[in-house]
Amino acid sequence: MKKILSLILLFGLISCSVDARITNRDFNSIIKESGIPASSVAISIKNIDNGKIIYTHNDRILMHPASVQKLLTIVPIMQVLTEDYNLTTELYSRGNNEYVIKLGADPYLTDSDLRSLVSNINPDKVKKIYIDDSIIEKKDWGEGWQWDDDLNTWMPRFNAYNLDGNIISLTIMPTVEGRQAAIINSSKYPLAFFNYVTTGKQTNIKVSRNNIIAANAIKLEGTVNSPYKTSITNNNLKRYFEVKLTNALEDRNIYLKEAYGTTTVKPSDKKIGEVFRPIKFAVDDILQNSNNMAIESIAKIAAGKYYKKQGTDTDAINLFNKFYEQYGLNKSRIKIVDASGVSKNNLTDADFITEYLVKNQSEKVMDSLAQPGVGTLTERMLPLKNNLKAKTGTLSDISSIAGYLTARNGNKYAFCIIINDPASSNSSKKNLENYILREIYMKL
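The numbering used here numbers the first residue of the sequence shown as 3 and each following residue consecutively.
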């Protein structure tokens, strides 16, 4: 019996000593087993206490980062805006029964907010309404955003006229089998439909739009068996805003004879109403749910505040690069063209991202990173809850994840994994990321 106990104890000691030696684990075998080409994978792992490199693989190879790029842009944005900033839309009164709506490019502004704002207008004393849209440029899409993704609701257009997420919801209702289905557009925004959807035994619907031929015409094809909800992107934000504003005014019996004008708020204008939400609402949404429109909007807002002029994407990029220089990061290694990571013109490497994470680990904004069970990590890495904080990224052919991980022995690491591979499935890429993170937690 004593011999058996001794063998068990010896086996335990050997097992522990083997684990203890795996402090610079070679992940090549893990990548090989995944079936994803090693040349398509980049990994960087660093100790956050001293910046020591723990493991690298293709860490200096430029790759498309997808939404992991939001890590690189949210900190400079928040250093300018600060946590006290509010996304605010304001209403001003001006002499001669005139009013001015000052837009704040709030990516979360809703039709309900707009109605609340105009409730401050006296129906008996309104002659004309102006809109101050000067906060950011009118350009409403990012560099390198793919035109064939026009209907992708993850990357809608954005500008000062942000409203209802810049998304329009539709419901396709079945009627009698074999007959044309009904389309319900509850937004009241005028759209034309080419309805080729019939009521059938299954639901299989394709939605398309040709902006060159007819920007407000939506083509729907297929069959529907039960009520089906879908969303399309709004491709004329100013017009949509004005339609919604008109509806809100007319519900209060305000009928304007003149079209909306544009202006800028004057010192003599008197603020009589506002709707707002704290910037933290956007930060949490961006880092946990990867809201592209939100970070693109607040990036331009931050650039405008920093340079004291109308916010532009060019100035936002300049702001990011200036921040990297201040932190001693070699920005010549990378290329950033938008705030969200949507554009495939963005290029960075895993080493730059972990270097950035080490230098910015104390930034309060990092507290908003998703943990297992939250946002884009809702169904991922659940055993690592309370040990993992990360930002994920997903685009066509691309998957990435970066952030902070505390191993089971208490060591803390900054990590970045980027996979650019058109041949493998998205689930295969995510599984490889999960396995690597598990190995970091268990073995480093």
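We put the CB at the ideal spot given by N, CA and C, even for glycine.
In chain order, what residues of the same chain lie with their CB nearer than 8 Å to the CB of residue i, ignoring the 5 residues before and after it?
| i | result |
| --- | --- |
| arginine 117 | Ala250, Asp253 |
| isoleucine 169 | Thr155, Pro158, Ser233, Ile234, Thr235, Asn236 |
| isoleucine 24 | Because isoleucine 24 carries a pLDDT of 37, less than 50, the predicted location of this residue cannot be relied on, and the following value inherits that uncertainty. Only Lys445, Leu446 meet the Cβ criterion. |
| threonine 177 | Ala183, Ala184, Thr201 |
| leucine 153 | Val209, Ser210, Arg211, Ile234, Thr235 |
Start and end of the alpha helix (DSSP H) containing residue i?
| i | result |
| --- | --- |
| proline 78 | 71 to 83 |
| arginine 410 | It is not in any alpha helix (DSSP H) - arginine 410 carries neither H nor E in the DSSP assignment. |
| isoleucine 33 | 30 to 36 |
| threonine 356 | 352 to 361 |
| alanine 304 | 294 to 309 |
| glutamine 312 | Note, glutamine 312: premise wrong, no alpha helix (DSSP H); not H, not E. |
Between which two residues does the beta strand (DSSP E) containing residue i stretch?
| i | result |
| --- | --- |
| glutamate 435 | No beta strand (DSSP E) contains glutamate 435, which is instead part of the alpha helix (DSSP H) from 428 to 445. |
| alanine 416 | 414 to 422 |
| phenylalanine 196 | 194 to 201 |
| asparagine 49 | 43 to 49 |
| isoleucine 449 | This structure cannot speak to residue 449, because the chain is shown only from 3 to 446. |
| arginine 117 | Arginine 117 -> not in any beta strand (DSSP E); alpha helix (DSSP H) instead, spanning 113 to 120. |
| isoleucine 288 | No beta strand (DSSP E) holds isoleucine 288; the alpha helix (DSSP H) holding it covers 281 to 291. |
| valine 209 | 206 to 211 |
Any idea which residues DSSP pairs residue i with across the strands?
| i | result |
| --- | --- |
| aspartate 135 | None, per the DSSP bridge assignment. |
| glutamate 92 | Lys104, Glu276 |
| threonine 396 | Ser401 |
| isoleucine 169 | Thr235 |
| lysine 64 | The displayed chain sequence assigns leucine, not lysine, to residue 64. DSSP lists no partner for leucine 64. |
| tyrosine 230 | Ile174 |
| threonine 264 | Ile133 |
| threonine 58 | Ser46 |
| isoleucine 185 | Ile174 |
| lysine 240 | Answer is none; lysine 240 lacks a bridge partner. |
| lysine 337 | Leu349 |
| lysine 391 | Tyr406 |
| alanine 425 | DSSP, once it has assigned bridges, lists no residue as partnering alanine 425. |
| alanine 372 | Ala392 |
In its own chain, which residues sit with a C-beta less than 6 Å from the C-beta of residue i, not counting the 5 before and 5 after it?
| i | result |
| --- | --- |
| glutamine 290 | Ala372, Val376, Gly377 |
| isoleucine 47 | Ile56, Tyr57, Tyr415, Phe417 |
| leucine 359 | Ala416 |
| aspartate 115 | Val277 |
| threonine 205 | Val226, Asn227, Tyr230 |
| proline 109 | Asn164, Met295, Ala296, Ser299 |
| leucine 397 | Ala68 |
| asparagine 422 | Ser42, Met65, His66, Ile400 |
| lysine 431 | Ser401, Ile421 |
Give the single residue among the options whose Cα lies nearest to the Cα of residue i.
| i | options | result |
| --- | --- | --- |
| asparagine 97 | Lys140, Ile355, His66, Ile131 | A small fix is needed here, since residue 97 is glycine in this sequence, not asparagine. Out of Lys140, Ile355, His66, Ile131, Ile131 has the C-alpha closest to the C-alpha of glycine 97. |
| valine 120 | Ala301, Asp126, Ile103, Asp134 | Ile103 |
| threonine 356 | Leu331, Ser370, Val199 | Leu331 |
| glutamate 145 | Ser345, Thr90, Ser292, Ile288 | Ser345 |
| alanine 341 | Thr316, Ala352, Ser334, Asp353 | Thr316 |
| aspartate 86 | Phe283, Asn293, Arg410, Gly395 | Phe283 |
| arginine 159 | Asn293, Asp353, Pro385, Leu439 | Asn293 |
| alanine 296 | Thr408, Thr75, Asn52 | Thr75 |
| serine 402 | Pro385, Ala409, Ile438, Val367 | Ile438 |
| asparagine 52 | Asn362, Ser188, Lys391, Ala304 | Asn362 |
| glycine 167 | Val70, Glu298, Asp271 | Glu298 |
| isoleucine 338 | Phe322, Ser398, Ile400 | Phe322 |
| valine 111 | Asp152, Glu435, Phe243, Asn428 | Note on residue identity: the sequence assigns leucine, not valine, to residue 111. When each option's Cα is compared against that of leucine 111, the closest is Phe243. |
| isoleucine 419 | Ser429, Lys393, Asn187, Glu381 | Lys393 |
| lysine 259 | Thr380, Val128, Asp353 | Val128 |
| asparagine 347 | Gln148, Lys333, Ile174 | Gln148 |
| glycine 412 | Leu386, Asp271, Tyr94, Ile207 | Leu386 |
| glutamate 381 | Met368, Asn436, Ala409, Arg335 | Asn436 |
| isoleucine 174 | Met368, Ile207, Lys190 | Ile207 |
Give every residue of the same chain whose Cβ lies closer than 7 Å to the Cβ of residue i, excluding the five residues on either side of it in the sequence, and list them in chain order.
| i | result |
| --- | --- |
| glycine 306 | Ile137, Ile138, Gln312, Gly313 |
| asparagine 26 | Residue confidence for asparagine 26 is low, a pLDDT of 43 falling below 50, so the modelled location carries little weight; the figure read from the coordinates is stated next. Cβ neighbours of asparagine 26 beyond the five flanking positions: Ile56, Tyr57. |
| aspartate 142 | Arg159, Phe160, Asn161, Leu239 |
| isoleucine 288 | Lys72, Ile76, Ala296, Ile297 |
| asparagine 255 | Pro125 |
| serine 188 | Ser171 |
ask   = Would you call the stretch 261 to 281 and the stretch 175 to 185 in contact, with 3 or more CB pairs under 8 Å?
value = Because the criterion of three Cβ pairs below 8 Å is not met, the stretch 261 to 281 and the stretch 175 to 185 do not touch.
query = Between the stretch 57 to 73 and the stretch 317 to 331, do at least 3 Cβ pairs fall closer than 8 Å?
reply = By the Cβ criterion, the stretch 57 to 73 is not in contact with the stretch 317 to 331, since fewer than three pairs of Cβ atoms, one from each stretch, lie closer than 8 Å.
inquiry  = Pairs of beta-carbons, one from the stretch 36 to 47 and one from the stretch 424 to 442, closer than 8 Å: are there three or more?
reply    = Because the criterion of three Cβ pairs below 8 Å is met, the stretch 36 to 47 and the stretch 424 to 442 touch.
query = Counting pairs of Cβ atoms below 8 Å between the stretch 184 to 199 and the stretch 216 to 232, do you hit three or more?
reply = The stretch 184 to 199, when compared against the stretch 216 to 232, does touch it at the 8 Å Cβ threshold.
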